[in-house]
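When you line the sequence shown up against our numbering, it's residues 1062 to 1360, in that order.
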Amino acid sequence: MDQNYILSKWLNEELTDSELADFKASDNYAIYEKIKNYSSQLEVAEFDEKSILETILKQEKKASKVIPLYKKWFVQIAAIFILGLGITYVIQNFTPQTQYAQNGKKITFSLPDNSKVVLNSGSEIEYKKWNWDINRRIKLQGEAYFKVAKGRRFEVQTNLGKVAVLGTQFNVKARKNRFDVTCFEGRVKVNYKDKQIILTHGQSVTFENGKQTNTIINTSKPAWLENEIAFNKENLHSLLEEIQRQYNVTIELNTTHTNALFTGKIPTNNIDVALQIIATTYNLQLNKAVKNKIIFEEK
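Have a look at this one:
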């Protein structure tokens, strides 16, 4: 049935019980209900027949002017439309915007100033469009690569630390108690607890358990953008957690020998190769219990 017809019947309280039930189940019902509540506050003066008659008798006789009833409805509908536009504007600009990359997926999107963001698997970003050019601030959980358009200060907040730039390309990763920041172009300012350092092109810093490690890189972008994961002195548990995110699988580890740290690259587009690298490096037996579950055991 035509949506406008249903809306009109609902405003006039003419819907049958079944039609009303279907209308309440629609995706837009909550918004229509808010609009109706607001529009109900619009008051129209009551028709005072006696007062109008006395006024007419006191004045010279003029041609009568008929105001059709539909004009009253037109005013209310216009008010509802304007209110609806206002609600939509508030939702789109004041409500935090969220972008989320599921396990096994990566997403690319643009911010209001055309800054580019690539979000790695199992990561989330939140920001507000309102006043963005003046307040370029986002919250990150997980890992993301940024290509920031020049402008005012651009800030990335995580639960471990904060990164501030003016216009550059960099990568931020915050997982559990490890915080990694790499600068690929320009310069970035990194705040971690009571420490503040400046990174320039080709520099990377890692904070883990209060320990700081600085590294020099010679690549132009993160390895994960090229379907590889680059690890630098990563423990086995963190290594397996990243594999689970990238391939959307579950890994069970049955070994106590997990102290060795891993440095190297693992592909994100070939799970068999990725698992074999881990099994060979840590001398583990690889078993696939079911389609999406992998078990590593001691040999």
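Here a beta-carbon is modelled for each residue, glycine too, at the ideal position from N, C-alpha and C.
These figures come from a predicted structure and were not determined experimentally.
DSSP places residue 1306 inside the alpha helix (DSSP H), whose first and last residues are 1297-1308. If only complete runs of 3 or more residues are kept, the region 1177-1249 shows the beta strand (DSSP E) at 1177-1180, 1184-1188, 1197-1208, 1215-1218, 1223-1226, 1230-1236 and 1239-1246, in order along the chain.
For residue 1200, same chain residues with a beta-carbon under 6 Å away, outside a window of 5 residues either side, are 1187 and 1218 in chain order. Of 1241, 1227, 1159 and 1161, the smallest CA-CA separation from residue 1176 is found for 1227. Residue 1180 and residue 1163 have their C-alpha atoms spaced approximately 10 Å apart. Under the three-state reduction of DSSP output, residue 1276 falls in the strand class. Here DSSP, grouped into helix, strand and coil, assigns residue 1265 to strand. Judged by DSSP secondary structure, residue 1337 falls within the alpha helix (DSSP H) whose first and last residues are 1332-1342. In this structure, residue 1324 sits away from residue 1296, with a CB-CB distance that is not shorter than 8 Å.
Counting C-beta atoms within 10 angstroms of its own C-beta, residue 1307 has 16 or more neighbours from the protein chains shown and is therefore classed as buried.
With respect to residue 1243, residue 1232 sits close: the two C-beta atoms are nearer than 8 Å. The three-state reading of DSSP puts residue 1287 in helix, counting H, G and I together. Within the model, the alpha-carbon separation for residue 1298 versus residue 1170 is close to 30 Å. Closest in alpha carbon position to residue 1355, among 1345, 1344, 1282 and 1310, is 1310. 1313 is the residue among 1326, 1257, 1328 and 1313 whose C-alpha sits nearest the C-alpha of residue 1348. In the displayed model, residue 1322 falls within coil according to three-state DSSP, outside both helix and strand.
DSSP places residue 1075 outside both helix and strand once states are collapsed to three, so it counts as coil. It is roughly 32 Å from the alpha-carbon of residue 1195 to the alpha-carbon of residue 1273. Each of 1328, 1322 and 1301 was checked against the Cα of residue 1315, and the nearest Cα belongs to 1301.
The criterion of a C-beta distance shorter than 8 Å is satisfied by residue 1230 and residue 1246.
Around the beta-carbon of residue 1157, fewer than 16 other beta-carbon atoms lie within 10 Å, marking it exposed. Secondary structure of residue 1086 (DSSP, three-state): coil. Look at residue 1314 here: in three-state DSSP terms it is strand. When the five nearest sequence neighbours on each side are left out, the beta carbons in the same chain lying within less than 8 Å of the beta carbon of residue 1264 are those of 1243, 1244, 1275, 1276, 1277 and 1278, in order along the chain.
Under DSSP, no beta-bridge partner is assigned to residue 1173.
Proximity to residue 1267 across 1178, 1248 and 1222 peaks at 1222, based on C-alpha coordinates. The bridge partners DSSP lists for residue 1346 are 1358. Counting every other CB atom within 10 Å of its CB across the protein chains shown gives residue 1087 a total below 16, marking it as exposed. A Cβ-Cβ distance of about 11 Å is found for the pair residue 1290 and residue 1234, leaving them out of contact under the 8 Å criterion.
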